[in-house]
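Numbering (my numbering), first residue to last: 24 to 181. Input: a single structure, listed below in structure tokens.
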């Protein structure tokens, strides 16, 4: 059985994909390979996209990290895992983490508290809340502070 050749050239198909969302170079290569393009055609398409600045892992990873960091309730650890699952290199993802430890710590606390307030009831067992937050990848200092503040707020409401 002959392998079916895609109708569009790899470059056109890649541009169509990138028009819808950012892809890492690795993920774009995977998509093109799965579609049935030859390695040489994929390589030529990737080089052309990089040349035209349509494909830049540093920019797209940084942009995606900043969005998730400011707009989501994910822990920094969860954000890193998500980006690495999307094909970005670990080194590149970790370089996006802000260097200001105090800022990151405050952000983690705020995100953890936001998760607690949106997904859990204050009547739940403290140990279960702690475990849930640890599973989400939040650092221990943020978890303990957020859970204690979350449960303390409940007591003050009465």
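All C-beta atoms, glycine included, are put in the ideal place defined by N, C-alpha and C.
Spatial distance of residue 123 from residue 54 (CA atoms) | Computed Cα separation, rounded: 36 Å.
Leaving out five residues on either side along the sequence, give the residues of the same chain with a beta carbon under 6 Å from the beta carbon of residue 64.
-> Only 33 meet the Cβ criterion.
Length of the line joining the Cα atoms of residue 108 and residue 147 = Spanning the two alpha carbons is a distance of roughly 32 Å.
In whole angstroms, what is the alpha-carbon distance linking residue 45 and residue 83?
-> Our two residues, residue 45 and residue 83, have alpha carbons roughly 6 Å apart in a direct line.
At least three beta-carbon pairs within less than 8 Å, the segment 157-176 to the segment 127-146 | Enough Cβ pairs lie closer than 8 Å, so yes.
Verify whether the separation of the beta carbon atoms of residue 61 and residue 98 is less than 8 Å.
-> If you check the CB distance, residue 61 and residue 98 do not come in under 8 Å.
Residue 119, enclosing alpha helix (DSSP H) - first and last residue = Following the DSSP letters along the chain, one finds residue 119 in no alpha helix (DSSP H), marked with neither H nor E.
Return yes when the Cβ of residue 41 is within less than 8 Å of the Cβ of residue 77, no when it is not.
-> In this structure, residue 41 lies closer than 8 Å to residue 77 by Cβ.
Report, in whole angstroms, the separation of the C-beta atoms of residue 68 and residue 37, which I expect to be a contact under 8 Å.
-> Correct: roughly 5 Å between the Cβ atoms.
Go through its chain and collect everything with a Cβ distance to residue 89's Cβ below 8 Å, but skip five positions before and after it.
-> Around residue 89: 119.
Express the C-alpha separation of residue 102 and residue 49 in angstroms, rounding to a whole number.
-> Roughly 18 Å between the two C-alpha positions.
Taking residue 86 as the reference, give the member of 100, 47, 72, 70 with the closest Cα.
-> Of the listed residues, the one whose Cα sits closest to residue 86 is 47.
From the DSSP output, in three-state form, read off residue 161 for me.
-> Reduced to three states, the DSSP call for residue 161 is coil.
For residue 149, which residues from the same chain have a beta carbon less than 7 Å from its beta carbon, with the 5 sequence-adjacent residues on both sides left out?
-> Taken in chain order, the residues that qualify are 170, 174.
Please state whether DSSP places residue 73 in a helix, a strand or coil.
-> Assignment of residue 73 by DSSP, reduced to helix, strand and coil, places it in the helix class.
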